[in-house]
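Step one of this worksheet: look at the structure below.
Protein chains: 2
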Amino acid sequence: MVRRTKEQAEATRTQLLDAAEALFCDKGVASTTLDMIARAAGVTRGAVYWHFKNKAEIFEAVCDRATSPMETMLDTLAAESGDDPLGALERQACGILQLVAGDARMRAVLEILFRGFDGGAEFAEYLAREEESKRNCRCEIESVLVAAAARGQLPPDTSPAKAAVAITAFVGGLMRDWVLDGDYDLADMAPYLTRVFFKGLASA
Amino acid sequence: MVRRTKEQAEATRTQLLDAAEALFCDKGVASTTLDMIARAAGVTRGAVYWHFKNKAEIFEAVCDRATSPMETMLDTLAAESGDDPLGALERQACGILQLVAGDARMRAVLEILFRGFDGGAEFAEYLAREEESKRNCRCEIESVLVAAAARGQLPPDTSPAKAAVAITAFVGGLMRDWVLDGDYDLADMAPYLTRVFFKGLASA
DNA sequence: TGATTTACAAACATTCTTGTATGTATCTAA
DNA sequence: TTAGATACATACAAGAATGTTTGTAAATCA
């Protein structure tokens, strides 16, 4: 078997990504060798180096394949604010938790990201972008909170910056705990969890 | 320089741990080589292998040196419950955040742990213990919440298990966000953050 | 004071992984 | 139909890190 058709080549690429995703999740990124990925996909390292430059490029491809739904969801936040900013935030938080809980691929990739690793400088770039988008997210949340405060949805002494820190920590913590360890039904609990939290935010 | 006195040997051991802590934090655990640690401590790998079995043992020593204050603090939780379990929980949460914010060494070690890595099987054992103690912590919190519910400090329909999930996620998320990225004053914000959260828990 | 152990340094062997170079059979386009 | 590009497999070179072994001078102990 040597030269495949275009569709076959695309199939092996997908198989490589699937294998990498599973191995990254199971053994960790640094402990996963390119040969392991190739073997798991039923090919050799030749195929790996044909489709990808190195392990970092595989990693990015694996991540991008899963995280796009979350990013599009975050993008809708600003648009949906409307005349109930705090309610929109709560629905967003709940929705993201349920999105993560419902998508097996996203759970796997988040497990890889949360479990963490260090592969040297090649990966630093991607992780920096990750941090950047996280800061952006908190910034957007803060602006929505400002709008909520303007409408009297928050106690007057509430600092939007502090509240934004609290929200991201809570949602992020829930995601991390569930992804790494959770044996409970996150999608089921999400409404209660977000409800309690936002009730605390709104109470004077 | 060959044979040192006992105190000198203990000093090089400490220097090795200091160097490892800084390098683990800066470059990551997997990217830090034993030679880098030795050079940073002003010795050679011979000293490293004299004091430690391998990198995993260094890692454990680095972690244990910092995490003990947190564990002792968690141990006091059950004892301090008294007749205001929910209040004790809130004070505990706030205290842990301020403890982390005030101890530079703990922040460094937590940064290592939160940033994550994968060094293979040797480290799995330690990380498993870490997970175990985390579960224990959540379990204790849950029992305190049961006591709080018995005293009417929680709405009657509140599930202690769910609330425990929320608390650990919130506190853990705050710690993680601040350690990895935080440019804000966590010790200063901790009382507000915990106050808001527990207000939400208590409100019917 | 001598023997032995300690606390390392230095050199060595080995393994593991990556990257690259080359080979090659097939697909594709002109 | 044939010339070139494609999609890999295979073989090779090289470095890097680990673990181990050996050497050794000073500290400790008897």
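These protein sequences, in sequence, are chains F and R.
If you're matching positions, the first sequence starts at 0 in numbering that gives the first Met the number 0 and goes up one per residue.
If you're matching positions, the second sequence starts at 0 in numbering that gives the first Met the number 0 and goes up one per residue.
A virtual CB, placed ideally from N, CA and C, is assigned to each residue, including glycine.
Since we're looking at a predicted model, the values are computed, not measured.
- Around the beta carbon of residue 45 of chain R, a 10 Å sphere encloses fewer than 16 other beta carbons of the protein chains shown; the residue is thus reported as exposed.
- Residue environment analysis places residue 80 of chain F among the buried positions, since at least 16 neighbouring C-beta atoms fall within 10 angstroms of its C-beta.
- If you look at residue 53 of chain R, you'll find it isn't in any alpha helix (DSSP H); DSSP assigns it neither H nor E.
- Taking a C-beta cut-off of 8 Å against chain F, none of the residues of the stretch 53-78 of chain R qualify.
- Inter-residue distance for residue 169 of chain R and residue 5 of chain R is about 45 Å (C-alpha atoms, whole angstroms).
- Any Cβ of chain R closer than 9 Å to the Cβ of residue 16 of chain F would place that residue at the interface, and such an atom is absent.
- For residue 181 of chain F, the secondary structure class from DSSP, reduced to helix, strand or coil, is coil.
- Take the alpha-carbon of residue 106 of chain R and the one of residue 25 of chain R: they are about 13 Å apart.
- Only residues of its own chain outside the window of five on either side were considered, and among them 147, 152 have a CB closer than 6 Å to the CB of residue 85 of chain F, listed in chain order.
- Considering only beta carbons, the part of the stretch 141-165 of chain R lying closer than 7 Å to chain F consists of 161, 164, 165, in chain order.
- For residue 18 of chain F, the enclosing alpha helix (DSSP H) has its first and last residue at 5-26.
- By alpha-carbon distance to residue 112 of chain F, the top candidate from R:109, R:117, R:108 is R:117.
- For the alpha helix (DSSP H) assignment, the uninterrupted runs of no fewer than 4 residues enclosed by the stretch 81-111 of chain F are, from N- to C-terminal side, 84-101.
- Interface annotation for the stretch 102-130 of chain F against chain R: 113, 114, 115, 116, 117, 118, 119, 130, criterion Cβ-Cβ distance under 8 Å.
- Rounded to the nearest whole angstrom, the C-alpha separation of residue 8 of chain R and residue 124 of chain R is 28 Å.
- Annotated three-state conformation of residue 115 of chain F is strand, per DSSP.
- Counting only residues of its own chain and dropping the five nearest sequence neighbours on each side, residue 49 of chain F has no CB closer than 6 Å to any other CB.
- With a contact defined as Cβ atoms closer than 8 Å, residue 108 of chain F and residue 66 of chain F qualify at about 6 Å.
- Chain R has no Cβ within less than 9 Å of the Cβ of residue 132 of chain F.
- Residue 29 of chain R sits in coil when the DSSP states are folded into three classes, being neither helix nor strand.
- Taking a Cβ-Cβ threshold of 9 Å, the residues of chain R close to residue 199 of chain F are 194, 195, 196, 197, 198, 199, 200, 201, 202, in chain order.
- Taking 9 Å as the threshold, the shortest C-beta distance from residue 26 of chain R to chain F falls below it.
- Listed along the chain, the chain R residues whose CB falls inside 8 Å of the CB of residue 80 of chain F amount to none; the nearest CB is some 21 Å away.
- Here residue 201 of chain R is not near residue 96 of chain R, since their CB atoms are 9 Å or more apart.
- Under a criterion of Cβ atoms nearer than 8 Å, the residues of chain F adjacent to residue 188 of chain R are, in order, 161, 164.
- Close to residue 180 of chain R, with beta-carbon spacing below 7 Å, are these residues of chain F in chain order: 130.
- Following the DSSP letters along the chain, one finds residue 145 of chain F inside the alpha helix (DSSP H) bounded by residues 120-149.
- In this model, residue 137 of chain F and residue 35 of chain F are separated by some 38 Å (Cα to Cα).
- For the pair residue 165 of chain F and residue 195 of chain R, the CB atoms are nearer than the 9 Å cut-off.
- The shortest C-alpha to C-alpha distance from residue 162 of chain R to any of R:143, R:180, R:178, R:179 is the one to R:143.
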